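K.L.:
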Amino acid sequence: MKVTVVGAGAVGASCAEYIAIKDFASEVVLVDIKEGFAEGKAMDLMQTSSLNGFDTQITGVTNDYSKTANSDVAVITSGIARKPGMTREELLGINAGIVKSVVASLLQHSPNAIIIVVSNPMDTMAYLVHQSTNIPKNRIIGMGGALDSARFKYRLAEALGCPTSDVEGMVIGGHSDKGMVPLIEKASRNSVNVSEFLDADRMSQIVEDTKVGGATLTGLLGTSAWYAPGAAVSELVKAIALDSKKMFPCSALLAGEYGLSDLSIGVPCILGKNGIEQIVEVSLSEAEKAKMAESAQGVKATNALLNA
């Protein structure tokens, strides 16, 4: 499998690193607009291959999309990073132009690629790719829900005082501080609902801590996080590469599912060699339905700014 990662910054480089370390791809191409930057990152990563035991070939190129030809999966991380105090929505104007240009360049050389969108505001950027291309909707995936769910499970394990491998939990809805919907009512520890271990106040705190997970890290780091986003992307790419039919919450274009249409938003998806192979409609409580509807309105309001 050949994977292209556009944007060789912290998130893009982490994507490339985790994909290589998991050793399921034959080739990863890093692309960046800064002269020599992707080449340097690729060389640095390749010098870890004997230490980390991977055979994936990583190459870097400066804005030369011909080198990405025949990619099976293309990951778009390019765009400006969120700064402290900046919302994902404020990134819209700049990143929309970048993403649209990148997608056109990618598809020129890899018309059958599956596109994974990481750039923020992610749901709207994924929707933009749907609106500006003619490729099937199953081949356009927004990454956010996989990352948000990882952060949710981290907070659950923290509160439960247990390993994260004991915990199951999922976040749906928009990939934003106000829009995400952590499904706390369904979260469990080894199939036992977390309400058996935690009181209502602690569960509410987990939800709130999850929703501001990205902003918390931005405040601490002075920029967006990169390890967890890179790892989340690598798991989506791996599911596609291995045709594993694994379920992740991803931003997918809806056409009636969850009572929603004409927007890309986080929902449980089965991933395989064709990208999104199924959207799973889980039963939601009335409270969860209301939060999902509110989240969808927020995403649509941001989408509307594309044509403003």
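Following our numbering, the numbering of the sequence shown begins with -14 at its first residue and continues without gaps.
Yeah, the Cβ is synthetic: ideal placement off N, Cα and C, and Gly gets one too.
Remember, predicted model here, so these are calculated numbers, not experimental data.
1. Provide the residue(s) that pair with MET165 in DSSP beta bridges, ordered along the chain.
2. Pull up the DSSP beta-bridge partners for LEU204, would you.
3. How is GLN32 classed by DSSP in three states: helix, strand or coil?
4. Please look up how many angstroms separate the CB atoms of MET155 and PRO69, rounded, as I've assumed it's under 8 Å.
5. Starting from the C-beta of GLY21, find all residues in its chain whose C-beta is less than 7 Å away, skip the five residues before and the five after it, and write them out in chain order.
6. Going by beta carbon distance, what residues of the same chain come within less than 8 Å of GLN263, once the five residues before and after it are set aside?
7. Can you grab the Cα-Cα spacing for the pair PHE9 / GLY45, in whole Å?
8. Going by the beta-carbon positions, is the gap between THR62 and GLY164 smaller than 8 Å?
9. Since PRO234 sits in a beta bridge, which residues does DSSP pair it with?
10. Please name the residue in GLY198, LYS138 and GLY159 whose C-alpha comes closest to that of ARG174.
11. Determine whether the beta carbon atoms of LYS230 and GLY257 lie at a separation below 8 Å.
12. Please report how far the alpha carbon of LEU183 lies from the alpha carbon of ALA23, in whole angstroms.
13. Grab the span of the beta strand (DSSP E) containing LEU15 for me, first residue to last.
14. Taking LYS171 as part of the alpha helix (DSSP H), name the residues at either end of that continuous run.
15. Could you give the first and the last residue of the continuous beta strand (DSSP E) run that contains THR47?
16. Keeping to the same chain, check which residues put their C-beta closer than 7 Å to that of VAL166; ignore five residues upstream and five downstream.
17. How many whole angstroms separate the CB atoms of ILE43 and VAL13, which I take to be in contact at a CB cut-off of 8 Å?
18. Within the stretch 109 to 162, note down every full beta strand (DSSP E) run reaching 3 residues or more, in order along the chain.
19. So, is GLU2 buried or exposed, given that buried needs 16 or more other C-beta atoms within 10 angstroms?
20. So the candidates are VAL102, TYR50 and SER56; which of them puts its Cα closest to the Cα of ALA217?
21. Specify, as a first and last residue, the run of the alpha helix (DSSP H) that GLY260 falls within.
22. Looking at GLY260: is its Cβ nearer than 8 Å to the Cβ of ASN123?
23. Go ahead and pull the three-state DSSP assignment for LEU91.
24. In the DSSP output, which residue or residues are listed as bridge partners for SER246?
25. Measuring only the C-alpha atoms, how far is VAL197 from MET107?
26. Could you confirm whether any beta carbon from chain B is found closer than 8 Å to the beta carbon of GLN42?
27. Look at ALA131 and PHE39 and say whether their C-beta atoms are less than 8 Å apart.
28. When you compare the CB positions of TRP211 and ALA(-5), do they come within less than 8 Å of one another, or not?
29. Beta-carbon separation of ALA376 and LEU141 under 8 Å?
30. Going by beta-carbon coordinates alone, are THR109 and ASN288 separated by less than 8 Å?
31. Who are ALA59's beta bridge partners in DSSP?
P.N.:
Based on what the coordinates show:
1. GLY158
2. In the sequence as displayed, the identity of residue 204 is Gly instead of Leu. Note: GLY204 sits in no beta bridge, so no partner.
3. coil
4. Not quite, the Cβ-Cβ distance comes to about 28 Å (not below 8 Å), so this is no contact.
5. Taken in chain order, the residues that qualify are THR47.
6. CYS254 and ILE255
7. 19 Å
8. no
9. Beta-bridge pairing links PRO234 to PRO253.
10. Among GLY198, LYS138 and GLY159, the Cα nearest to that of ARG174 belongs to LYS138.
11. yes
12. 46 Å
13. 12 to 17
14. LYS171 -> no alpha helix (DSSP H), and no H or E assigned at all.
15. 42 to 47
16. VAL156, ILE157, GLY158, GLU273, LYS276, MET277 and SER280
17. 5 Å
18. 125 to 127 and 156 to 158
19. buried
20. Among VAL102, TYR50 and SER56, the Cα nearest to that of ALA217 is on VAL102.
21. Premise fails: GLY260 lies in the beta strand (DSSP E), 260 to 264, not in any alpha helix (DSSP H).
22. yes
23. It is helical.
24. When beta bridges are read from the DSSP output, SER246 appears opposite ALA240.
25. 16 Å
26. Of the protein chains in this structure there is only one, and it is not chain B.
27. no
28. yes
29. Nothing can be reported for residue 376, as the shown portion of the chain is limited to -14 through 293.
30. yes
31. ALA59 is bridged to THR(-11) and ILE100.
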